[in-house]
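One point on numbering: in the numbering used here, the residue at position 396 of the first sequence is 396, and numbering is uninterrupted.
All C-beta atoms, glycine included, are put in the ideal place defined by N, C-alpha and C.
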Amino acid sequence: MIALAITIRLPDDSTLEVPEGSTVEDVAYEIGEGLGRDTVAGELDGELVAKEEPVQDESRLRIVTESDDEYLDALRHTCAHAFAQALLRHFPEAKLTIGPWTDEGFYYDIAEADLDREDLDRIEEEMADIVDADHPVERFSMKRTEAEEYYEDNPFKREILENEAAGEEEVSFYQQAEFEDLCKGPHVASTGEIGAFKLLQVSSAYWRGDEDRETLTRVYGTAFPTEDELEDFLEKRRKAKERDHRKIGQEMGIFQTEELVGPGLPLFGPEGTAIYRELESFAEEINAEIGHEYVRSPHLYRTELWQKTGHYENYIDDMFHWEQGEREFALKPMNCPAHSLIYDRETRSYRDLPIRYCEHGTVYRKEQHGELSGLLRVWGFTQDDGHVFCRPDQIEDEVTQLLETAIHILDVFDMEARVALATKNPDKSIGSDEIWEDSEATLRQVLEDSDLDWELEPEDAAFYGPKIDMKMVDALGREWDGPTIQLDYNLPERLDLTYRGEDDEFHRPIMIHRAFLGSFERFMAVVIEHFGGNFPPWLAPEQARVLPISDDHVDYAHEVADELGEFRVEVADRSETIGNKIRRGHDDNVPYMMIVGDDEAEAGTVSLRDHEERTLDDVDIADFAEMLADEVENRRAQANAVPRLEHA
RNA sequence: GCCGGCUUAGCUCAGUCGGUGGAGCACCUGAUUCGUAAUCAGGAGGCCCGGGGUUCGAAUCCCCGAGCCGGCUCCA
1 MIALAITIRL
11 PDDSTLEVPE
21 GSTVEDVAYE
31 IGEGLGRDTV
41 AGELDGELVA
51 KEEPVQDESR
61 LRIVTESDDE
71 YLDALRHTCA
81 HAFAQALLRH
91 FPEAKLTIGP
101 WTDEGFYYDI
111 AEADLDREDL
121 DRIEEEMADI
131 VDADHPVERF
141 SMKRTEAEEY
151 YEDNPFKREI
161 LENEAAGEEE
171 VSFYQQAEFE
181 DLCKGPHVAS
191 TGEIGAFKLL
201 QVSSAYWRGD
211 EDRETLTRVY
221 GTAFPTEDEL
231 EDFLEKRRKA
241 KERDHRKIGQ
251 EMGIFQTEEL
261 VGPGLPLFGP
271 EGTAIYRELE
281 SFAEEINAEI
291 GHEYVRSPHL
301 YRTELWQKTG
311 HYENYIDDMF
321 HWEQGEREFA
331 LKPMNCPAHS
341 LIYDRETRSY
351 RDLPIRYCEH
361 GTVYRKEQHG
371 ELSGLLRVWG
381 FTQDDGHVFC
391 RPDQIEDEVT
401 QLLETAIHIL
411 DVFDMEARVA
421 LATKNPDKSI
431 GSDEIWEDSE
441 ATLRQVLEDS
451 DLDWELEPED
461 AAFYGPKIDM
471 KMVDALGREW
481 DGPTIQLDYN
491 LPERLDLTYR
501 GEDDEFHRPI
511 MIHRAFLGSF
521 ERFMAVVIEH
531 FGGNFPPWLA
541 PEQARVLPIS
551 DDHVDYAHEV
561 ADELGEFRVE
571 VADRSETIGN
581 KIRRGHDDNV
591 PYMMIVGDDE
601 AEAGTVSLRD
611 HEERTLDDVD
621 IADFAEMLAD
631 EVENRRAQAN
641 AVPRLEHA
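Now the structure itself:
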């Protein structure tokens, strides 16, 4: 019998003919004996699959071995099985649902098992036994009908069989010792390959992510080939926890929330407000540079406005609204309609465009209670919002300018950007295909003309137009939502915005929504975590502190502080030991301490010490002031006065 | 909003079996006057998240609610 040949495309773009019905592993052996032996899994048309997966004609295949990143995914997937196996030994009545790998590890969702941290400890011990026993992980097939019987008591697995495996005759299972699980793979060859693992937390999740369906117990864990890698991972988590903006915000008195005020409504004291105002004046400076003019709009509006914009029907439940006499009013959830109405106050000419408005606009959105978190998700926040009204032929220039500005801003904070183009979601979009295609092409053009790396996020656009989203990458490599540039063809239509064209006809302007920092509140949270509270001088609530050695030097300390009057300077004038003052200055994250005693008072100098414990004696106050002024005015991300003065 | 956990001094946290609540730091007072990461002593500070219940008696047990934390879902 003659096997029919099919063609497989390999990563180097070469092709390989293999018999029909070949698996990933077969192809690997076809390429080379050694590669065949090392095969862990395959990447088939971009999807990670088990090595037993049959390949199709014309598919693209990459062989995954132990040296590839995907090996970690398979390892974690096997660890998820080891967890489920250990779980069933202690909780035989538990029902398994799904247990995939994730970027950080794995989770397993289970039903009919309430677990607490102590249970996890017991399960971890059992898992250690399973790993030590080094059970081989075997794949086997079962008829779908048999599998349905096998899972007679497990409606979740049966649902997977009904949906995911609907057309299949046979389904695959994986087995290690007494444990069997319906699973597509891939997995590593034996449980002993799991070098190090840890169960991280127990929480909950909805079956199929649907809040109307069953609530399941979800256990998160992670696994690595070696103990060292696990330890690095845990260390990074600990560091992240140390930098939690809620903790630092509390310690440094940056913000507070009060039950009496309400959830998600932070109060800022002088320390937080110093940071807040610095961010605001930074935004003001940027807006002046790029010609965005400030406007102001009220917090309260008749809801008819949001009926007109279309937000009412989609978001009224997320707005704060109430009847006021005959009318219904709502706190604004966004600034764009107000800006649009200002645009619309008179007949605009094509010559006037682009018209660019901006506002530090405070908006209120009734986020779900479970979503509220420190300054990251709140009910009331202030956006560094802006809207450009322009002609179609101006979009490219405007977006380019906004993109460059966003990159510059992140650069000031020493943060990298990860740029993505979010395109149309067919299920959630309005407007013609033609408009979408044009606007996506325009954004794509801007990105291609820039020297930025960017990726596509298909179907992630807002309903009214495509957007460029930027993630900010902080000092620990974590990603946060950053600047956004969104095209909007809808609102100008809804509010009937026009301009008079060269041809004497009325035309529809395009609206570009943009935010650089997002909201001042959330950006503060990011900045706190990014710098870990150790702010650069321009942002630090207290930029320098004068520490007199003894009470005899308090007067001189105040003289020094007065000389630095343009900065945020305090004097540690309580009767404490100098060691204690230094300790406090460091704990308070003051960038610069100026220690003054007899020597300094006599010479009219200070002894400088920064947060990095770098010290320099005999510093001229005016020289330091000049250095600090430079760091503040130029918004330098590092406090480097000590080394700079040292080498001056 | 849903699931689970937590809530004790300004902060971090102990509090046994149901029998009138403690520590460290911070704060106040006094002493000390100090040269680069915590001087010593004393004092003050509590609606034990709120409401209801069980009990002779509740920080502790039960019910309801709020806030926070971890997830899920959501994020114009």
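According to DSSP, is residue i helix, strand or coil?
i, result
"Leu-260", "coil"
"Cys-358", "strand"
"Ala-147", "helix"
"Lys-95", "strand"
"His-77", "helix"
"Glu-459", "coil"
"Asp-620", "strand"
"Ser-281", "helix"
"His-369", "helix"
"His-187", "coil"
"Tyr-350", "coil"
"Ser-439", "helix"
"Ala-41", "strand"
"Arg-444", "helix"
"Pro-11", "coil"
"Leu-541", "Residue identity check: residue 541 is Pro in the sequence provided, not Leu. In this structure, Pro-541 counts as coil in the three-state DSSP scheme."
Following the continuous alpha helix (DSSP H) through residue i, name the residue where it begins and the one where it ends.
i, result
"Gly-386", "No alpha helix (DSSP H) holds Gly-386; the beta strand (DSSP E) holding it covers 380-390."
"Thr-484", "Element bounds for Thr-484: not the alpha helix (DSSP H) but the beta strand (DSSP E), 479-488."
"Gly-249", "245-251"
"Val-412", "395-412"
"Ile-63", "Not the alpha helix (DSSP H): Ile-63 falls in the beta strand (DSSP E), residues 61-64."
Buried or exposed: where does residue i fall if 16 or more other Cβ atoms within 10 Å of its Cβ makes it buried?
i, result
"Lys-241", "exposed"
"Lys-239", "exposed"
"Ser-281", "exposed"
"Glu-440", "buried"
"Tyr-541", "The sequence given here has Pro at residue 541, not Tyr. Buried, because 16 or more other Cβ atoms sit within 10 Å of the Cβ of Pro-541."
"His-553", "buried"
"Ser-203", "exposed"
"Ser-575", "exposed"
"Leu-497", "buried"
"Leu-96", "buried"
"Ala-515", "buried"
"Asp-433", "exposed"
"Glu-25", "buried"
"Tyr-108", "buried"
"Lys-581", "buried"
"Arg-218", "buried"
"Trp-480", "buried"
"Gln-201", "exposed"
"Tyr-301", "buried"
"Thr-347", "exposed"
Under the DSSP definition of a beta bridge, which residues are partnered with residue i?
i, result
"Lys-198", "Thr-222"
"His-339", "Paired residues: none, contrary to the question."
"Ile-510", "Cys-390"
"Ile-468", "Leu-421 and Ile-485"
"Glu-33", "DSSP output for Glu-33 lists no bridge partner at all."
"Thr-605", "Asp-620"
"Leu-216", "Ala-205"
Could you tell me the boundaries of the beta strand (DSSP E) in which residue i lies?
i, result
"Tyr-107", "106-111"
"Phe-523", "First-last for Phe-523: 520-531, but that is the alpha helix (DSSP H), not the beta strand (DSSP E)."
"Ala-544", "544-548"
"Gln-638", "Element bounds for Gln-638: n/a, residue is neither H nor E."
Is any heavy atom in the ligand HEM found nearer than 8 Å to the beta carbon of residue i?
i, result
"Glu-304", "As presented, the structure is devoid of all ligands, the ligand HEM included, so that no description of it is given."
Item to check | Cβ contact check for the region 63-75 and the region 127-143: 3 or more pairs under 8 Å | outcome: no
Checklist entry - Using 8 Å as the Cβ pair cut-off and three pairs as the minimum, do the region 143-153 and the region 190-198 touch? => result no
Item to check | Stretch-stretch touch, CB-based, cutoff 8 Å, three pairs: the region 407-420 with the region 450-464 | outcome: yes
Item to check | Cβ pair count under 8 Å reaching 3, the region 221-235 against the region 504-512 | outcome: no
Next on the checklist: Count Cβ pairs between the region 512-532 and the region 377-393 that sit closer than 8 Å; are there 3 or more?
Outcome noted: yes
Item to check | Three CB pairs or more closer than 8 Å across the region 168-177 and the region 81-89 | outcome: yes
Next on the checklist: Any contact between the region 310-319 and the region 348-367? By contact I mean 3 or more CB pairs, one from each, below 8 Å.
Outcome noted: yes
Item to check | At least 3 beta-carbon pairs within less than 8 Å: the region 42-52 vs the region 153-170 | outcome: no
Next on the checklist: Within 8 Å, do at least three Cβ pairs link the region 592-612 to the region 547-565?
Outcome noted: yes
Checklist entry - Any chance the region 487-502 sits against the region 339-346, with 3 or more Cβ pairs inside 8 Å? => result yes
Next on the checklist: With a threshold of 8 Å, are at least 3 pairs of Cβ atoms found where one atom belongs to the region 268-282 and the other to the region 530-546?
Outcome noted: yes
Next on the checklist: Would the region 530-539 count as touching the region 631-647 if we require 3 or more Cβ pairs under 8 Å?
Outcome noted: yes
Checklist entry - Is the region 258-269 in contact with the region 279-293, if contact means three or more CB pairs nearer than 8 Å? => result no
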